[in-house]
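Numbering (full-length UniProt numbering), first residue to last: 1 to 133.
Just so you know, even glycine gets a beta-carbon here, dropped at the ideal spot from N, CA and C.
Take a look at the structure set out below.
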């Protein structure tokens, strides 16, 4: 069976920085949901849920970044989750009718996540080495 793994130098930094940003935003969003909801025009439950997801996602990213080697399927799954996050964030703008600040928040964090997905995808494509397994 053929299997692909990725050198640590290629993907680990992208996963770790994504974890730092996701965990930080998640903690702030979940902990500050009551204060942020009226400013952003987004429901408290959405902010708490999204924040909790981001904290858990950050933990998963750190675990994945520590694996030797980083499994290719898991790394590509991170890219997919990031792309889905962007799609959901952009879709929320017309669906949730946030305030102007909320719209800016949704689009800004989506743009950052596009950057993470691109960085991770590029690292995976650049760092792939075939390994017989």
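What's the C-alpha gap between residue i and residue j?
| i | j | result |
| --- | --- | --- |
| residue 130 | residue 72 | Its pLDDT being 46, under 50, residue 130 is placed unreliably by the model, and the measurement read from it follows with that caveat. About 11 Å. |
| residue 70 | residue 53 | 22 Å |
| residue 48 | residue 33 | 6 Å |
| residue 99 | residue 68 | 44 Å |
| residue 30 | residue 107 | 18 Å |
| residue 39 | residue 104 | 11 Å |
| residue 37 | residue 78 | 28 Å |
| residue 97 | residue 17 | 30 Å |
| residue 122 | residue 41 | 35 Å |
| residue 75 | residue 124 | 8 Å |
| residue 126 | residue 13 | 14 Å |
| residue 110 | residue 101 | 14 Å |
| residue 43 | residue 11 | 35 Å |
| residue 55 | residue 89 | 17 Å |
| residue 8 | residue 57 | Here residue 8 scores only 49 on pLDDT, less than 50, and its place in the model is too uncertain to base an answer on. |
| residue 119 | residue 50 | 22 Å |
| residue 15 | residue 22 | 10 Å |
Please report the residue range of the alpha helix (DSSP H) in which residue i lies.
| i | result |
| --- | --- |
| residue 88 | 72-96 |
Report task. Starting from the N-terminal side, write out each stretch of the beta strand (DSSP E) that is 3 residues or longer and does not extend beyond the stretch 7-50. Result -> Listed in chain order, there is nothing to give.
Query raised in the report: For the stretch 111-130 against the stretch 78-88, are there 3 or more C-beta pairs whose distance is under 8 Å?
Result: yes
Query raised in the report: So, do the stretch 86-96 and the stretch 54-64 have three or more beta carbon pairs nearer to each other than 8 Å?
Result: Taking a cut-off of 8 Å on C-beta distances, the stretch 86-96 does not touch the stretch 54-64, as fewer than three cross pairs fall below it.
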